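See below for the structure under consideration.
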Amino acid sequence: MLRYSLKRLLSLAISLVIASLVIFLVIEVAPGDPASFMLGINAQEDTLNALREELGLNQSKLERYLSWTFGMLQGDFGTSYTYRTPVADMVQDRLWVSLPLAIYALALSTLIAFPAGIYAASRRGGLGDVSIMGATQLGVAIPNFWFAMMLVLVFAINLRWFSAGGFPGWEDGLFTGLKALTLPAIALALPQAAILARVMRSSLLDILNEDFIRTARAKGLTPQQALWRHALRNALIPVLTIIGLQFSFLLAGSIIIEQVFYLPGLGRLVFQSISQRDLIVVESVVMLLVFAVILVNFIVDLAYAWVDPRLRSRT
Amino acid sequence: MSLLTIKDLSLSIHGAPILKDVSLGVAQGAIVAITGESGSGKSLTAFSVMQLLPRGTQTTGSIKLDGKELLNAPDGDMCALRGNDIGMVFQEPMTALNPLMSIGDQVMETILLHTDSSHEQARQRAEETLARVGLPPEKYSLARFPHQLSGGQRQRVVIAMAIALRPRLLIADEPTTALDVTTQAQILDLLKDLVQDFGMGLLMITHDLAVVSAMAERIVVMRYGEVVETGATKALFANMQHDYTKALFAASAHQVALPENTPKDALLIVKDAIRDYPKPRTELFAPRTYTRAVNAVSFTLRKGERIGLVGESGCGKSTLTRAILGLEPLQGGSITALNQKVAPDMPAALRSGLQVVFQDPYGSFNPRHKVARIITEPFHLLPNPPRGQERENRISQLLTAVGLHPTDANKYIHAFSGGQRQRIAIARALIINPELIIFDEAVSALDVSIRAQILDLIAELTRTHDLSYLFISHDLSVVRTITDRVLVMKDGEIVEDGETEQVFTNPRHPYTASLIKAAPTLPDVKALADVSS
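Top line first, the protein sequences correspond to chains A and B.
Heads up, this note's numbering is the position in the first sequence plus 153, with the first residue counted as 1.
Heads up, this note's numbering is the position in the second sequence plus 30, with the first residue counted as 1.
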């Protein structure tokens, strides 16, 4: 198990190095001058030179790559050109919204999907199965921003249980913060839950056809016992893969929902920096997101090994 | 009174009748075998006793265990009986165990489910049971997972789960079909001992008449969902009444008449062939280590020779086959066929000289292609493949030669049975007149009567097409009749090489002797008949 974890950790480190190289090359070495790209076509020559100086574009590419990566390792992400504030501070503020939102949404999605998928699988072909599968079909088909608007309409405008948008920060306590994130989290979670429930169901049904379920029944287990004790854990392996993918998506891809609820999240930060051509912010945030995705994959790998002893014993 | 009584059991699935008026009984401490070919309904009869039937099944009749009616009993009652009063062992030990649960937990589950014993008591009982089936806890820790055990060991775990609570009835569905002969002999001995020790009744399902004759006191022969004949084993073999029983027995003992062979020039020369597989690395930067799957194997096959290659699973016979077909490179030595070197990059002309017939008649065809396209596939190896009418003629000729009809060329593969598919596979191999054919377990997946027909076909084609072949099989009785020379392989080496009859009657290597001894044999019907008359 330890050896397996170390191996996964090594592959994590290698992925990070490769990712940082790719991001650096795409943004900095791609044809065109970053300074003139950031300032637009009407920029004055001396402004351009000042920016080149500031960005360190006069240095060699290797020096720039090394100072960028070592800077990030020490928490120095550079200074935003548009806002004139350290990128690290901006990212940190946004992360305090996006990370809890992603975790909240993922928790909701799992809490909905597991019971729904398990119930549908255990009632295969029955009314419960058909209704749940119909509902997930809708969940997959309807875009999440539409859910978001409906939620605002019902719970914020009509019932007035939640505010329609904005984020008051965590200073007013955990409950206030969570309350502000509840509608966005539900809007994000519903389509994810629909996908996850379908994966859970089909994975369980595959496992329920395996020989060892028949063995379990021959021991005297009821169909429900066989499902809970033998099928569920085996069915988790594909489900874990999907959960990993969903978390990465929720962290970076919630831009539309952030826009609908007016949340100061990472997605909006990337969007704004791109439209303001603030390459320093874009570069750093993208690297951070890549790091998050690779980290989540590492955790999923560890979870596989926790579930499956065959992976543990393999070196 | 017998322990298990099945009376007039009829069963249909979604309205299609499968079993018709099946009646049989198993007495306490007795071994009863149901035998028959695939589709005879023997497994469904067993699953009816467990009441573990597919959806949409309707049953009538009666199944009584010690007087208690099981048919259509509530599932709650059946759950209390399963594992406690009736244990079951399955065919596929590789998939019958939960891969994520330790073997100890899986055996303990049976005990904890049906008794009030504490965790510690259950653990102790699981240890005793595993020791009883030949897996002592000192050597095989309860914490082991199924993937750390061999097929035979896994089957022992399945048996331990089934007998942990000393059920009155044990049902074994083809318990040794997936195992090697020596393992099969051990598992059959174990089952026999358990029946004797515990006084259980054993209902055994098997297609193998040789296994039946060695194990069972009574036999039930089934065909198309009906019992055609039943009786005490010896008496039944001595005096077979039903034509189907006779045909089944004849097919099991089938001998083919191979034409005389006059070996000519060497066709295939394998010289000190070595095949290594890399092992998974145990340490990150340690040098790779290798498993030697084929170790310095040498033999020569002459034109006109029919050579058998036997050995247990993992002995390297499949690896050697792939190397001979030029699918994988050698790490040492050489293979020469038709005076050319065999390697993955060998020319198409050489490949067209070597053709193969695989084991699985279901998985080795593209279901979207018609038969004509399937059997003409090897044509792409020829520089000038026949076209137009010539191609049509060749297809008709080959289909007729393997006992099919020329019009079959326009059908898809799903229209054919397993035996017919194997005929198509042979037609595909023969269509470019290869010098050498490799039969890789080509009859292992077939029922005995079909197997007899395919063996006859091979013998017939040997006569008409002057075939040379290498016949790889784990089935000794088949190899004995279809080859004139045999190679015995063990741990990657050939331990014996000689005339088939001589090797079988007078094996020189102890391993060959143990293989022949472990293989179950059919009873001598004539001797039995003489005794009874």
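Backbone N, C-alpha and C define an ideal beta-carbon position, used for all residues, glycine too.
All values derive from a computational prediction rather than experimental measurement.
Report the partner residues of residue i according to the DSSP bridge assignment.
i, result
"R112 of chain B", "B:I116"
"G261 of chain B", "B:I249"
"Y236 of chain A", "In the DSSP output, where bridge partners are listed per residue, Y236 of chain A has none listed."
"I468 of chain B", "B:V386 and B:L500"
"M519 of chain B", "B:I524"
"V305 of chain A", "Paired residue(s): none; V305 of chain A is not in a bridge."
"V300 of chain B", "B:F329 and B:I365"
"Y442 of chain B", "B:K400"
"Q370 of chain B", "B:A367"
When burial is assigned at 16 or more other CB atoms within 10 Å of the CB, is residue i buried or exposed?
i, result
"M154 of chain A", "exposed"
"P462 of chain A", "buried"
"K214 of chain A", "exposed"
"T468 of chain A", "Bear in mind that the predicted position of T468 of chain A carries a pLDDT of just 42, short of 50, making it unreliable; the figure below should be weighed with that in mind. Exposed is the call here."
"N211 of chain A", "exposed"
"W221 of chain A", "buried"
"L163 of chain A", "exposed"
"V386 of chain B", "buried"
"R253 of chain B", "buried"
"L95 of chain B", "buried"
"R153 of chain B", "buried"
"M454 of chain A", "One detail in the question is off: residue 454 of chain A reads as Asp in this sequence, not Met. Counting Cβ neighbours within 10 Å, D454 of chain A comes out buried, since at least 16 surround it."
"I310 of chain A", "exposed"
"D554 of chain B", "exposed"
"N463 of chain B", "exposed"
"A208 of chain B", "buried"
"E198 of chain A", "exposed"
"N387 of chain A", "buried"
"K556 of chain B", "exposed"
Look at the Cβ atom of residue i, then the Cβ atom of residue j, and state whether they are nearer than 7 Å.
i, j, result
"R198 of chain B", "D115 of chain B", "yes"
"G639 of chain B", "P123 of chain B", "Because chain B here runs from 31 to 563, residue 639 of chain B falls outside it and cannot be looked at."
"P550 of chain B", "V241 of chain B", "yes"
"V188 of chain B", "A548 of chain B", "no"
"T513 of chain B", "Q285 of chain B", "no"
"P377 of chain B", "P359 of chain B", "no"
"L355 of chain B", "E465 of chain B", "no"
"M245 of chain B", "I61 of chain B", "yes"
"V251 of chain B", "T275 of chain B", "yes"
"T7 of chain B", "R403 of chain B", "Nothing in the structure corresponds to residue 7 of chain B, since chain B is present only between 31 and 563."
"L347 of chain A", "I410 of chain A", "Per the sequence shown, residue 347 of chain A should be read as Ala rather than Leu. In this structure, I410 of chain A does not lie closer than 7 Å to A347 of chain A by Cβ."
"T292 of chain B", "G338 of chain B", "no"
"V250 of chain A", "F328 of chain A", "no"
"E526 of chain B", "N325 of chain B", "no"
"V179 of chain A", "V434 of chain A", "no"
"G397 of chain A", "S407 of chain A", "no"
"A57 of chain B", "A268 of chain B", "no"
Can you name the residues of chain B whose CB is closer than 7 Å to the CB of residue i?
i, result
"P462 of chain A", "L130 and F175"
For a contact defined as C-beta to C-beta under 8 Å, what are the partners of residue i on chain B?
i, result
"D364 of chain A", "F120, E122, T125 and A126"
Please compile the residues from chain A whose C-beta is within a distance smaller than 8 Å of the C-beta of residue i.
i, result
"M252 of chain B", "Result: empty, since nearest Cβ-Cβ is about 21 Å, beyond 8 Å."
"T159 of chain B", "Correct list: empty, because the minimum Cβ distance to chain A is about 13 Å."
"L82 of chain B", "R367, R370 and A371"
"M191 of chain B", "T368 and K372"
Name the chain A residues that come within less than 7 Å of residue i, Cβ to Cβ?
i, result
"N114 of chain B", "G373"
"A110 of chain B", "G373"
"E139 of chain B", "K372"
"M230 of chain B", "Within 7 Å Cβ-Cβ: nothing; M230 of chain B doesn't reach chain A, min ~15 Å."
Please list the partners that residue i has in chain A, where partner means a Cβ-to-Cβ separation under 9 Å.
i, result
"V188 of chain B", "T368"
"H144 of chain B", "K372 and G373"
"D105 of chain B", "T375 and P376"
Which chain B residues are close to residue i, counting only those with a beta carbon under 9 Å from its beta carbon?
i, result
"R386 of chain A", "N128, L130 and M131"
Every unbroken beta strand (DSSP E) inside the region 304–368 of chain B [3 residues or more]:
320–332, 336–340 and 362–367
In chain order, what are the residue ranges of uninterrupted beta strand (DSSP E) at least 3 long that sit wholly in the region 183–262 of chain B?
199–203, 231–235, 248–253 and 256–262
If you scan the region 384–468 of chain A from start to end, which runs of the alpha helix (DSSP H) of 4 or more residues do you find wholly inside it?
385–405, 408–414, 419–428, 432–460 and 462–466
At what residue ranges does the region 183–232 of chain A contain a whole run of the alpha helix (DSSP H), taking only runs of 4 or more?
187–192, 198–208 and 214–226
Quick check on the DSSP output: what are the complete alpha helix (DSSP H) runs of length 4 or more inside the region 250–306 of chain A, in order along the chain?
280–294 and 297–304
Ranges of the alpha helix (DSSP H) found wholly within the region 349–378 of chain A, counting only runs of at least 4:
364–372
Alpha helix (DSSP H) segments (min. 4 residues) lying fully within the region 49–118 of chain B:
72–80 and 105–111
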